[in-house]
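To start, the structure itself, in structure tokens.
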Amino acid sequence: MSCKDRSKALVGKTRRWTCLSDGQWSGHSLPRCKAQCPIIDTEHLTIIYSSRLLEGSSATFSCPPTHVLSGVNRTICTRNGEWADPIPTCSRTDIPKPEGHPVNKKKCPNISDENLLVDHSRHLTEGSVATFHCPSTYVLSGVSRTICTRSGEWADPIPKCLRPHVLWKHFLSHCLDS
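Residue numbers for the sequence shown follow numbering that gives the first Met the number 0, beginning at 0 and rising by one.
Structural data, given as structure tokens:
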């Protein structure tokens, strides 16, 4: 047995059948000709077929984690051998960064102050440490290091580099106030 329409597939047992004296075919059921849908071939699209590509079967679609599905996530093969819905596509997206990745963290402001020498990591995000130094003719007034907090702020006030005579005046004014 075979299907007259070559675009269809013979489904069921294809053994030899005999016409009985009562006009019925031997066996429990006759094979049928069913429409067959085309194989789907789209870049990055993962397809799971429920069975052979015959009418009534389904195709379920998904994309890799770096892509997003545009369109339906499932379609059915119709009687006329076509998929019921347009075939979806997978388009690349920015890869989501895990929690805590420098891109997702709030950044502390860049530290730039006249005469203040700063060493810090590139990212300026939570946990980054900034270390402060002054040129040889200056004295550091304030902390020598601070850390970037989760809120995107430095944990301590940014120090200054002062000339020794300015530092002495600063010291005296605080001593005289108390």
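Glycine included, every Cβ here is placed at the ideal spot set by N, Cα and C.
| Asked | Found |
| --- | --- |
| H122 (DSSP reduced to helix, strand or coil) | coil |
| Option nearest C133 by Cα separation, candidates G126, R91, T74, K159 | K159 |
| Reference P108, options N72, G70, A154, T77, closest by Cα | A154 |
| Spatial distance of P30 from P64 (CA atoms) | 42 Å |
| When E113, H122, R162 are compared against S135, the one with the closest alpha-carbon | R162 |
| C-alpha distance - S149 paired with L139, whole-angstrom precision | Residue identity differs from the one stated: residue 149 is Arg in this sequence, not Ser. In a straight line, the C-alpha of R149 is about 26 Å away from that of L139. |
| Cut-off 6 Å between Cβ atoms - residues of its own chain near I47, not counting five sequence neighbours on either side | T59 |
| Residue from L68, G70, G80, S69 whose Cα sits closest to the Cα of G55 | G80 |
| Reference E113; option with closest CA among I157, W82, R5, Q35 | I157 |
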